[in-house]
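Residue numbers (my numbering): 103 to 372. The structure under discussion appears below in the form of C-alpha cells.
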C-alpha cells in the first residue's frame, strides 16, 4: 500500500525538524514551495502541514505562514528541597519566580466547596465505605486557578477529608500564608511523605478554550497524595499545559540552588 501524500509531506517536515534545520519560532517553507519540492499539490502540502500542527510541532498563523513551535516551559520544583518551594506554596515560591522570569499580572482565584467523595478521590485517599461515615463521606475541595497576564496558566484542585479540613482555615477562600503545608502544620498534622503520578492527556474543548491551547498541545497532569504515616491527608491534582510547564524532581541531599542550576533546562531542546 502506498503512503498517503499528506503523510509524505508530514514526514519530510518532521525529519527536517528532528535534524534541527529550523529553529523554534522560524518560519517554514510555504505551501507552494513544499508542493514544488515534493511534487504534490498545494492542497496536499497544506494537509501535511496540518498533521504537524495537530502534533503541536508547528503553529499555522493565517496570513503569515507556518512557524516552528517555540515551547519554552517554565520550570517548577515538584519535590521541595531546603530553601525551595513548589506550586503548592504559590505566593512564597512559584509566583515570585514567574515575576523574575518576566511574566506580569499573576493572580490566583480560589474557590472552596463541600461535596460527597467521588470514587476517584476516595481511591486516592483510601477511604472505604465505612470510613469517615460520621461525615457522610464528605470532602472539602479547594480549587485554585492561576492566571498569568490574563490567561489561565495552571489549575489545581486539593481534596481533604472533612474530618481533617472541616471548620478550619482550609475552608476559607483566601490565600493561606505559607501555603497548604503551613496550614496543615498549624492543625498539628505532619506531611511526612508523598507520592506523585505524572501523565499527559489531550484537553477537552472547554479546557483548550480555557487555557488558550492550539491544536496538538496536551495537558500535563500531576497527582499527589500526601501522607502522615499511613494516613492520607490530601489529594492534589494539578493540570497545566505541557508546552508551558516542566516538573523538576530531586533525589538525595539536593542543594538549595537546584532551581538556579536547572533554570535553563528545556525538554524541547534538540
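Note that beta-carbon positions come from the ideal geometry of N, C-alpha and C, so glycine has one too.
- A distance below 8 Å between beta-carbons, with the five flanking residues on each side excluded, links residue 175 to the following residues of its chain, in chain order: 344, 345, 346, 347, 348, 368, 369, 370.
- Within the same chain, Cβ atoms closer than 6 Å to the Cβ of residue 259 are found at 245, 339, the five residues on either side in sequence being excluded.
- In the structure shown, residue 284 adopts helical secondary structure according to DSSP, grouped into three states.
- Taken through DSSP and simplified to helix, strand or coil, residue 340 comes out as strand.
- DSSP places residue 202 in the helix class (H, G or I) of the three-state scheme.
- In this structure, the straight-line span from the alpha carbon of residue 193 to that of residue 257 is close to 15 Å.
- About 20 Å separates the Cβ atoms of residue 213 and residue 305, ruling out a contact at the 8 Å cut-off.
- DSSP places residue 117 in the helix class (H, G or I) of the three-state scheme.
- According to the DSSP secondary-structure assignment, residue 325 is paired through a beta bridge with 299, 339.
- One alpha carbon belongs to residue 279, the other to residue 286, and they sit about 12 Å apart.
- In the structure shown, residue 362 falls within a helical segment according to DSSP collapsed to helix, strand and coil.
- Under the three-state reduction of DSSP, residue 156 is assigned to helix.
- Residue burial annotation: residue 105 is exposed, with fewer than 16 other C-beta atoms found within 10 angstroms of its C-beta.
- Per the coordinates, the alpha-carbon of residue 224 lies some 28 Å from the alpha-carbon of residue 313.
- Spatial neighbours of residue 128 in its own chain (CB-CB distance under 6 Å, excluding positions within 5 residues in sequence) are listed in chain order as 170.
- Counting along the chain, residue 311 sits inside the alpha helix (DSSP H) bounded by residues 307 to 313.
- Bounds of any alpha helix (DSSP H) do not take in residue 128, whose DSSP letter is neither H nor E.
- Where residue 179 is concerned, the enclosing beta strand (DSSP E) starts and stops at 176 to 179.
- Nearest Cα to residue 320 within the set 115, 157, 252: 157.
- Per DSSP, residue 224 is one residue of the alpha helix (DSSP H) stretching across 221 to 226.
- Secondary structure at residue 139: helix, using DSSP grouped into helix, strand and coil.
- Annotated three-state conformation of residue 133 is helix, per DSSP.
- Remark: C-beta atoms of residue 144 and residue 283 do not approach each other more closely than 8 Å.
- According to the DSSP assignment, residue 169 belongs to the beta strand (DSSP E) that extends over 167 to 170.
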